[in-house]
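Chemist:
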Amino acid sequence: MTQLIKAKAGKITPAMKFVAENEGVRPEVIRSEVEAGRIVIPKNKQRKVKFSQGFGKGLRTKVNTSVGLYRDYTDIQTELKKVNLAVSLGTDAVMDLSKDGDIDNARREVLKATELPVGTLPIYQAAKESQEKTGSILNMTVDDIFKIVEKQAEDGVDFMGIHAGLRLEVLERLKFEGRVEGLVSHGGQILAGWMLHNQQENPFYEEYGRLLKIAKEYDITLSLADTFRPGAISDSLDRAQIQELIILGELVDQGRDYGVQMMVKGPGHVPLDQIKSTIQLQKELCHDAPYFVFGPLVTDLATGEDDINSAIGGAFAAAAGADFLCYVTPVEHLNFPTEEDIRDGVMAAKIAAQVGDLSKGREEAWRKEEKMAKARKELNWEAEINLSLNPENAKQVREGRNPAGSDGCAMCGEYCAIKVVDGYLN
């Protein structure tokens, strides 16, 4: 049985207990929210790991790190170093988005490298194998696609990005929408091209029951991907995006009724003033399914600095109710990320998540802030370093730029404002 089916039966599973302890809430709260579909616990029954992670209402805002093999970058050891780095920095989940090389091996190695939830987009592998076998992704069969879903499920993938809301009728609407960027979802582009060439409906929509059967068997959380997410802020909240969101909401209901845990992926490129309404629309139309957003990016001009761009959008999104932030690196739109880019992306997303949790009123987030304020007042550098979101970096900065033996900071030194005011007050 899936976590959802057990929750509906009133059972509190070990995974629910683990999440409850990790989040500082009662197990019954987790069970109740899983039953309602407002929390998901992605954990494939094939994976023999003790760790469980919850995403959704009332929980800490989570961060995802994506890695994978692509074109000339097919060294799995390099990607595993990125996984280990992201885990050390505090990422909450990992996605293997491999599109080239030995995709099966990459996925299995990532699954072995971490106990965190691992996600994939199966359509990438289906397209790659079709290209190799037939010379074109357009020659994929429906069975080819579902064989990949089944294979990845058997390997232990915990959540899958599935573009099930992509339909021919939405593509028709997009045609007359006047978008600047068109379709920017790579998985969505693959499926859309296949659908238009073969004049067939989306297999993930047409055979949704087949997908649900696999997900239920392995207790995979389905992350319904947004094919029509805006790729430019001027495209945000157009009719195609909203029509797909309505379809995704209907698919969420069907999945829950079948006993499958469901979450929804979101944009993308969103102007700051539209973030709150974007989150509210998703929560309303998808009946409070956990929302997994990519960024969002709040300007299209931050090329080379999109980690900062994403941190701004992610903070507003989390504050508005987004549950899960996909990191964005500085080289988004430009290049394949290095380890340093991974570090920047994870930290930007973690900052956004913390800011969002403060706005949500999470007590744990506020307690950490209060402890940090106290440490700074007391000039307790060790505590300040340990409380920071990146202690290793904070320690290096402190030790590398401060005079030996100084209890002030490098900026003020003997003129430390805290020491002067404390001397006056005390």
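The number in our numbering is simply the position in the sequence shown, starting from 1, with 67 added. C-beta: ideal position from N, C-alpha, C; glycine also.
Reducing DSSP to helix, strand and coil, say where threonine 132 ends up.
Modeler: It is a strand residue.
Chemist: Taking the straight line between their C-alpha atoms, what separation do you get for glutamine 421 and serine 344?
Modeler: Using only the alpha carbons, I get a separation of about 21 Å.
Chemist: According to DSSP, simplified to helix, strand and coil, what is valine 107?
Modeler: Here valine 107 sits in strand by DSSP.
Chemist: For the segment 291-302 against the segment 246-266, are there 3 or more C-beta pairs whose distance is under 8 Å?
Modeler: A contact exists between the segment 291-302 and the segment 246-266.
Chemist: Using the beta-carbon count (16 or more within 10 Å), is glycine 245 buried or exposed?
Modeler: With fewer than 16 Cβ atoms within 10 Å of its Cβ, glycine 245 is classed as exposed.
Chemist: Is isoleucine 287 helix, strand or coil by DSSP?
Modeler: Reduced to three states, the DSSP call for isoleucine 287 is coil.
Chemist: Just to confirm my understanding: we take alanine 382, look at its own chain, exclude 5 residues before and 5 after, and list those with CB closer than 7 Å. What are they?
Modeler: Answer for alanine 382: Ala419, Val422, Gly423, listed in chain order.
Chemist: Where leucine 494 and arginine 468 are concerned, what is the direct C-alpha to C-alpha distance, given to the nearest angstrom?
Modeler: Within the shown structure, residues of the chain are numbered from 68 to 493, placing residue 494 beyond reach of any answer.
Chemist: Please name the residue or residues paired with glycine 186 in a DSSP beta bridge.
Modeler: According to DSSP, which records beta bridges pairwise, glycine 186 is partnered with Met162, Phe226.
Chemist: Three Cβ pairs or more, each shorter than 8 Å: is that satisfied between the segment 145-155 and the segment 101-109?
Modeler: Contact fails: fewer than three Cβ-Cβ distances are below 8 Å.
Chemist: By Cβ distance below 7 Å, which residues in the same chain neighbour glutamine 192 in space, the five residues on each side in sequence not counted?
Modeler: Once the five neighbours on either side are set aside, the close Cβ partners of glutamine 192 are Ile170, Ile215.
Chemist: Measure the Cβ-Cβ separation of tyrosine 272 and glycine 228 and say whether it is below 9 Å.
Modeler: For tyrosine 272 and glycine 228, no; Cβs fall outside 9 Å.
Chemist: In the DSSP output, which residue or residues are listed as bridge partners for cysteine 393?
Modeler: Beta-bridge pairing links cysteine 393 to Asn131, Phe361.
Chemist: From the DSSP output, in three-state form, read off histidine 336 for me.
Modeler: It is a strand residue.
Chemist: Less than 9 Å separating the beta-carbons of leucine 352 and isoleucine 313?
Modeler: Cβ atoms of leucine 352 and isoleucine 313: closer than 9 Å.
Chemist: According to DSSP, which residues form a beta bridge with methionine 330?
Modeler: According to DSSP, methionine 330 bridges with Ser290.
Chemist: Please name the residue, chosen from Gln308, Val337, Thr288, that lies closest to valine 319 on a Cα-to-Cα basis.
Modeler: Closest by alpha carbon: Thr288.
Chemist: So within the segment 258-327, which uninterrupted beta strand (DSSP E) runs reach at least 3 residues, ignoring any that extend past its ends?
Modeler: With a minimum length of 3 residues, the continuous beta strand (DSSP E) runs that stay inside the segment 258-327 are 288-291.
Chemist: To the nearest angstrom, report how far apart lysine 435 and alanine 442 are at their CA atoms.
Modeler: About 11 Å.
Chemist: Under 8 Å: does the beta carbon of valine 360 sit that close to some heavy atom of the ligand FMN?
Modeler: Here there are no bound small molecules, and the ligand FMN is not part of this structure.
Chemist: If you compare alpha carbons, which of Ala103, Lys218, Thr187, Gly335 is closest to serine 165?
Modeler: Here the closest residue by C-alpha is Thr187.
Chemist: Roughly how many whole angstroms lie between the Cα atoms of glutamate 399 and aspartate 142?
Modeler: Looking at the two C-alpha atoms, the distance is approximately 20 Å.
Chemist: Among Lys84, Thr405, Leu348, which residue has its Cα nearest to the Cα of serine 119?
Modeler: Of the candidates Lys84, Thr405, Leu348, the one whose C-alpha sits nearest the C-alpha of serine 119 is Lys84.
Chemist: Under a Cβ-count criterion, where at least 16 other Cβ atoms within 10 Å of its own Cβ denotes burial, should aspartate 225 be classed as buried or exposed?
Modeler: So aspartate 225 counts as buried.
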